[in-house]
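K.L.:
Per the working numbering, the sequence shown runs over residues 296 to 889. First the structure, which I've put down as structure tokens, then a few questions once you've had a look.
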Amino acid sequence: MAKWLMYSKRADFTAMGKKYQIDPVVARILVNRNLTEDAAITAFLHPSEKDLGDGKALKDMDVAVALLQKAIKEKKKIRIIGDYDIDGVCSTYILTDGLEAAGAVVSMDIPDRIKDGYGINEHLIDKAWQDGVDTIVTCDNGIAAIEQIAYAKELGMTVIVTDHHEIPYEETEQGRRFLRVNADATINPKQPDCGYPYKLLCGGAVAYKLIQALYARLGRIPDQAGIILEKYIVFAAIATIGDVVDLTGENRILAKLGLNRIAGTNNNGLLALAEANALDLNHITSYHIGFVLGPCLNAGGRLETAKLSFGLFYEKDPSRAAETAKRLKELNDKRKEYTEEGVEFALQECEKYGEDKILVLYLPKVHESIAGIIAGRVREKLWKPVIILTRAEEGVKGSARSIEGCNIFEELTGCRELLDRFGGHEMAAGLSLKEENIEKLRTMLNHKTALTDEDLIPKVWIDTRLPFEYITNDFVEELSLLEPFGKGNEKPVFAEKDVSIAGIRIIGKNKDSLKLTLLSGQHFPMPALIFRKADEFLSEIEKAYGKEQLRAVQMGLTNSVRMSIIYYPQVNVFRGIAEKQIIINNYCFSNTSV
């Protein structure tokens, strides 16, 4: 069971509310997010382009821009090599379309997830060389491709790396030694000697800044450059949200500005994908990117080719874009089926390794493209770092998903002698190894880890207790100032205690969700929803209070069931009528210990 913790940070929330013209509860949430300085609060509430960093401050940006300017002028062939996930696809589109609009002779390539694996490789380099490519630009990959880039340089090619992943390193007696690629220019804010102040940009944001800096160097007419760059910030935002980087600082500003502009997009692919999923681009949030559009874009690279998703954005014909969007949605529906089966297999396998703090699960029959999704789902259920390994064409491949307090990239670095290849960052990583090393990896990871039993208890931080009486339509609307929500800027968490149930009914296509009528301690009524936990919720009532009280709840009779809840309020509009309701994310009954 999760540990519920209440923020106790202090400030004059009433005075803050008056100063920034916000509700005191919203002011409290800002303080809970460590936003106390005037400039930071203003940028958070009212972000604008002036709050974005200057990409020219990124190490090697000036070198990369000069190389691209020269290649454009001399009509040399440029090849963009991206990655097969949402960040890689958006990065590839930004660079390919942006360079083409600047007059470059440019083409793109994205590795096949199954045949090529992650990132640039010799096969892609050979193909580029045979096509007469002069300059390779990587995006969302390349920082760990030391041998591959050395090979491209041996062939006489110019190589520009743009990436955001962790810099590979090895431990020596003198301390940590970072490993560097021999590229002509390497743009990655995580480089130790990069002076760019914000280190958490995604690949799409780095690509956006490269195009921005290039256009400034080319002396483009400001209006023309501005119009072109306006359309790319939408894709930088999609990449930022879809890659689950922290939505803090500049990332949140990029995401907010991009989402604000998405309704005005004229990109045929984005319009078609929204239509295929019955979404209104006038009301797109980070949720729709992360859980509707993003999975469709990722499905191309998982089950067929990421070039489908790139082609969707690049398509000039609306009818062909609609066909591609339909195909991507179909692939994502198939991916969902595979995922459900894979999660079931994984949870069965977990029973063998219940004592392990880091779970290493080998599922040879699971499609390798969904290993990361399965790892994430198992992590959420068991709250442990999880590595899902599958059988690949050569050896074993896998994906890791971690929890707060466990840097999975560093954990894998400590076992690098067992791995053929790995890369990633604190919360997620990819790896490949020989099958005979699986048990050795499991043993070494669990022997070396500093994780404690306390680390394996999920923690839910509550922003404040919020009585139902406080919730109004205006208050819910004001909470939207805090969006977009995501990692590092989670949706606010509210709590209430001594809540009773006045009514309950089962809803949903699968009859697995609940709609309740709740009463606060002051008997203030509030509609509430609990998703995908109907059986669990009802069985817990019976366990805590007995069958008679469960029957009373189900029949809407007076009962003694009382609970504490964690929730988020929203306004549901149905047939033109706006109704306040809450979404319950966690709960406990008064007859059970928290």
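Idealized CB from N, CA, C, for every residue including glycine. Computed from a predicted structure; not experimentally measured.
Where do the N-terminal and C-terminal ends of the beta strand (DSSP E) with C434 fall, by residue?
P.N.:
For the purposes of this step, residue 434 is taken as the residue at position 139 of the sequence shown. Element bounds for C434: 430-434.
K.L.:
Does DSSP put V320 in a helix, in a strand, or in coil?
P.N.:
On the sequence shown, residue 320 is found 25 positions in, with the first residue counted as 1. V320 falls in the helix class under three-state DSSP.
K.L.:
Nearest-angstrom Cα distance between E417 and A297?
P.N.:
Residue numbering aside, residue 417 sits at position 122 when the sequence shown is read from its first letter. Residue numbering aside, residue 297 sits at position 2 when the sequence shown is read from its first letter. Going by the C-alpha atoms only, they are around 47 Å apart.
K.L.:
Along the alpha helix (DSSP H) that carries D830, what are the first and last residues, could you check?
P.N.:
In the sequence shown, residue 830 corresponds to position 535, counting from 1. First-last of the alpha helix (DSSP H) with D830: 829-840.
K.L.:
By how many angstroms is the C-alpha of I405 removed from the C-alpha of I668?
P.N.:
Here residue 668 refers to the residue found at position 373 of the sequence shown. Here residue 405 refers to the residue found at position 110 of the sequence shown. Between I668 and I405, the C-alpha separation is close to 21 Å.
K.L.:
Could you give the first and the last residue of the continuous beta strand (DSSP E) run that contains R857?
P.N.:
Taking the sequence shown and counting its residues from 1, one reaches residue 857 at position 562. Where R857 is concerned, the enclosing beta strand (DSSP E) stretches over 857-869.
K.L.:
Taking only three categories from DSSP, how would you classify E468?
P.N.:
Working through the sequence shown from its first residue, we reach residue 468 at position 173. Coil, per DSSP.
K.L.:
Would you tell me roughly how many angstroms separate the C-alpha atoms of K652 and I682, rounded to the nearest one?
P.N.:
Here the question's residue 652 lines up with position 357 in the sequence shown. Here the question's residue 682 lines up with position 387 in the sequence shown. Approximately 11 Å between the Cα atoms of the pair.
K.L.:
Specify, as a first and last residue, the run of the beta strand (DSSP E) that I879 falls within.
P.N.:
On the sequence shown, residue 879 is found 584 positions in, with the first residue counted as 1. From DSSP, the beta strand (DSSP E) with I879 extends over 872-884.
K.L.:
Fully enclosed by the segment 712-767, which beta strand (DSSP E) runs are 3 residues long or longer?
P.N.:
Entirely contained in the segment 712-767, the beta strand (DSSP E) runs reaching 3 residues are, in chain order, 716-719, 723-728, 754-757.
K.L.:
Is H578 a contact residue of the ligand NAP, with contact defined as CB to any heavy atom under 7 Å?
P.N.:
No copy of the ligand NAP occurs in the structure displayed, which carries no ligand at all.
K.L.:
Taking the C-alpha atoms as reference points, what is the distance between V456 and R716?
P.N.:
Here residue 456 is taken as the residue at index 161 of the sequence shown, counted from 1. Here residue 716 is taken as the residue at index 421 of the sequence shown, counted from 1. For V456 and R716, the distance between alpha carbons rounds to 19 Å.
K.L.:
Considering only DSSP beta bridges, list what F473 is partnered with.
P.N.:
Here residue 473 refers to the residue found at position 178 of the sequence shown. Y464.
K.L.:
Tell me the DSSP secondary structure of G693 in three-state form.
P.N.:
Here residue 693 is taken as the residue at index 398 of the sequence shown, counted from 1. Looking at G693 - three-state DSSP - the assignment turns out to be strand.
K.L.:
Restricting to Cα atoms, I'd like to know which of K679, L509, D407, E466 is closest to A397.
P.N.:
The sequence position of residue 397 within the sequence shown is 102, counting from 1. Nearest option by C-alpha distance: L509.
K.L.:
Using 8 Å as the threshold, is the segment 487-503 in touch with the segment 349-367, meaning 3 or more CB pairs across them?
P.N.:
Yes, they touch.
K.L.:
Residues in its own chain within less than 6 Å of N854 by CB, not counting five upstream and five downstream?
P.N.:
Indexing the sequence shown from 1 puts residue 854 at position 559. If we look at N854 and ignore the five residues flanking it on each side, its Cβ neighbours are Q844, A847, V848.
K.L.:
Straight-line CA distance for S694 to P680?
P.N.:
In the sequence shown, the residue the question calls residue 694 occupies position 399. In the sequence shown, the residue the question calls residue 680 occupies position 385. The straight-line gap from Cα to Cα measures roughly 11 Å.
K.L.:
What residues match up with K298 in a beta bridge as DSSP calls it?
P.N.:
The sequence position of residue 298 within the sequence shown is 3, counting from 1. Beta-bridge pairing links K298 to K754.
K.L.:
At what residue ranges does the segment 382-409 contain a whole run of the beta strand (DSSP E), taking only runs of 3 or more?
P.N.:
Listed in chain order, they are 400-404.
K.L.:
Exposed or buried, which one is Y862 when buried takes at least 16 other CB atoms within 10 Å?
P.N.:
Start at 1 with the first residue of the sequence shown, and residue 862 comes out as number 567. So Y862 counts as buried.
K.L.:
Taking the C-alpha atoms as reference points, what is the distance between S727 and N436?
P.N.:
Sequence index remark: in the sequence shown, residue 727 carries index 432 (1-based). Sequence index remark: in the sequence shown, residue 436 carries index 141 (1-based). Those two C-alpha atoms are separated by around 16 Å.
K.L.:
Nearest to E675 by alpha carbon, out of I528, V638, S581, P613?
P.N.:
Counting from 1 along the sequence shown, the entry for residue 675 is found at position 380. Here the closest residue by C-alpha is V638.
K.L.:
Under a three-way DSSP split, which group does Y657 fall into?
P.N.:
Position 362 of the sequence shown, counted from the start, is the residue given in the question as residue 657. Strand.
K.L.:
Between L394 and I373, is the Cβ-Cβ spacing less than 8 Å?
P.N.:
Position 99 of the sequence shown holds residue 394. Position 78 of the sequence shown holds residue 373. It is a contact, given that the beta carbons lie within the stated cut-off.
K.L.:
Confirm, please, whether the CB-CB distance from I420 to Y446 is below 8 Å.
P.N.:
As a first step, residue 446 must be located in the sequence shown, where it is residue number 151. As a first step, residue 420 must be located in the sequence shown, where it is residue number 125. Their beta carbons are under 8 Å apart, which means Y446 touches I420 by this criterion.
K.L.:
Which value, in whole angstroms, describes the spacing of the CA atoms of E778 and N732?
P.N.:
Taking the first residue of the sequence shown as 1, we reach residue 778 at position 483. Taking the first residue of the sequence shown as 1, we reach residue 732 at position 437. Those two C-alpha atoms are separated by around 44 Å.
K.L.:
Taking DSSP as the reference, what is the three-state secondary structure of P613?
P.N.:
The residue you call residue 613 lines up with position 318 of the sequence shown. P613 falls in the helix class under three-state DSSP.
K.L.:
Could you pull out every residue in the same chain whose Cβ sits closer than 6 Å to the Cβ of S888, ignoring the five residues on either side in sequence?
P.N.:
Start at 1 with the first residue of the sequence shown, and residue 888 comes out as number 593. Note that S888 scores a pLDDT of 40, beneath 50, so its modelled location is shaky and nothing firm can be said.
K.L.:
So, is F473 buried or exposed, given that buried needs 16 or more other C-beta atoms within 10 angstroms?
P.N.:
Taking the sequence shown and counting its residues from 1, the one referred to as residue 473 is at position 178. The residue is exposed, with fewer than 16 neighbouring Cβ atoms inside 10 Å.
K.L.:
For L300, is the classification buried or exposed, using 16 other Cβ atoms within 10 angstroms of its Cβ as the cut-off for buried?
P.N.:
Within the sequence shown, numbered from 1, the residue matching residue 300 stands at position 5. Burial call: exposed.
K.L.:
Is the beta carbon of T467 less than 8 Å from the beta carbon of D429?
P.N.:
Position 172 of the sequence shown, counted from the start, is the residue given in the question as residue 467. Position 134 of the sequence shown, counted from the start, is the residue given in the question as residue 429. No.
K.L.:
Give the secondary structure of M821 by DSSP, where H, G and I count as helix, E and B as strand, and everything else as coil.
P.N.:
Taking the sequence shown and counting its residues from 1, one reaches residue 821 at position 526. If DSSP states are grouped into helix, strand and coil, M821 belongs with the strands.
K.L.:
Put S808 into one of helix, strand or coil per three-state DSSP.
P.N.:
Taking the first residue of the sequence shown as 1, we reach residue 808 at position 513. In the structure shown, S808 sits in a strand (DSSP, three-state: E or B).
K.L.:
By how many angstroms is the C-alpha of F339 removed from the C-alpha of I878?
P.N.:
Indexing the sequence shown from 1 puts residue 878 at position 583. Indexing the sequence shown from 1 puts residue 339 at position 44. Each residue's Cα considered, the two are about 25 Å apart.
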